[in-house]
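Residue numbers (the numbering used here): 8 to 259. All residues carry an ideal CB built from backbone N, CA and C; glycine is no exception. Quick caveat: nothing in here was measured; it's all calculated off a predicted structure. What follows is a single structure, written as structure tokens, with notes after it.
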Ligand code: UDP
């Protein structure tokens, strides 16, 4: 379906193609997995299909509670129609429990609950390894305006509350996650909406009963069974119906 479409952008895990009408794009989910700024790479068969479906589910549920986002509809196993946005060059991380970089940076034992949910900003620039930045940097360099940062923080906390409940209800702890935002223009005004994806590639998800990791740390830390765990997340969310054939059959 995307064969004749113009490629707009290719990232590490997704490709953006021009959409069927102005203001839309097609987001294609690849099976490629990368970590540590693409120093570690692999192809995980079926990952794109699962992440497309999980991201569809999460974005639709968030839209239903009023968190505006770029998702329009899923087109097929690997593609979804999205609104074109002007991406804000920030990775917004929200954490509930210490893991990964905050554990290292602040000397916290992984698994320590944080005193409250903490939002961090990273400047999206692979050449610099996505450095952590503060609101001062963001406004000084004009990556986002103060009002936009306020909107981003408010939306991030709503996403965190909703996803904590959604995953908690199926026995999964939401440790942390990364989201991205973009601007849509309405005349001379712009609005910030949630963009990119929300999937086990961009969240830390731990089984509540065992603390087993069910997310990309399985790949980063060579824990094995990456796809099986992503599929288990989808299964618990009740969206697994089409998954087994995909994993066994390797649909492209
Ligand atoms: N994350 C992401 N993309 C990145 C960096 C981080 O999706 O480029 C996610 C990661 O999966 C985790 C959260 O953001 O859910 C916090 O990541 P952290 O800062 O601990 O970095 P990491 O330890 O993953 O390098």
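Check                                                                                                                          : Outcome
For residue 205 and residue 183, the rounded distance between their alpha carbons                                              : 11 Å
Contact between the region 118-128 and the region 87-104 (3+ Cβ pairs under 8 Å)                                               : yes
Assigned exposure category for residue 179 - 16 Cβ within 10 Å defines buried                                                  : buried
Closer than 7 Å: residue 183 CB and nearest the ligand UDP heavy atom                                                          : yes
C-beta contact flag for residue 72 and residue 192 at 8 Å                                                                      : no
Buried/exposed call for residue 85, threshold 16 Cβ in 10 Å                                                                    : buried
Proximity to residue 207 [Cα-Cα], best of 36, 125, 92 and 28                                                                   : 36
Option in 124, 99, 158 and 175 with minimal Cα separation from residue 141                                                     : 99
Through-space distance from residue 236 to residue 157, alpha-carbon basis                                                     : 35 Å
Delimiting residues of the alpha helix (DSSP H) encompassing residue 112                                                       : 107-113
Inter-stretch contact (C-beta, 8 Å, three-pair minimum) for the region 146-161 and the region 219-237                          : no
Counted within 10 angstroms of its Cβ, other Cβ atoms place residue 111 as buried (16 or more) or exposed                      : exposed
Nearest-angstrom Cβ-Cβ length linking residue 17 and residue 38, presumed shorter than 8 Å                                     : Contact doesn't hold; Cβ gap of about 14 Å is too wide.
Limits of the unbroken beta strand (DSSP E) element including residue 51                                                       : From DSSP, residue 51 is part of no beta strand (DSSP E); its letter is neither H nor E.
Within 8 Å, strictly: CB atoms of residue 19 and residue 34                                                                    : no
Cut-off 6 Å between Cβ atoms - residues of its own chain near residue 49, not counting five sequence neighbours on either side : 40
Nearest-angstrom Cα separation, counted from residue 248 out to residue 147                                                    : 48 Å
Which listed residue (245, 202 and 210) has its alpha carbon closest to that of residue 95                                     : 202
Of the residues 144, 122 and 131, the one placed nearest residue 189, counting alpha carbons only                              : 131
Three-state class that DSSP yields for residue 131 in the structure shown                                                      : coil
Presumed contact (8 Å Cβ cut-off) between residue 2 and residue 129, rounded CB distance                                       : Because the chain spans 8 through 259 in this model, residue 2 falls outside it and cannot be assessed.
Heavy atom of the ligand UDP within 7 Å of residue 191 beta-carbon                                                             : no
Own chain partners of residue 13 with C-beta closer than 6 Å, once the 5 adjacent residues on each side are dropped            : 25
Length of the line joining the Cα atoms of residue 32 and residue 11                                                           : 14 Å
Own chain partners of residue 70 with C-beta closer than 8 Å, once the 5 adjacent residues on each side are dropped            : 76 and 78
Distance cut-off 7 Å: residue 204 Cβ against heavy atoms of the ligand UDP                                                     : no
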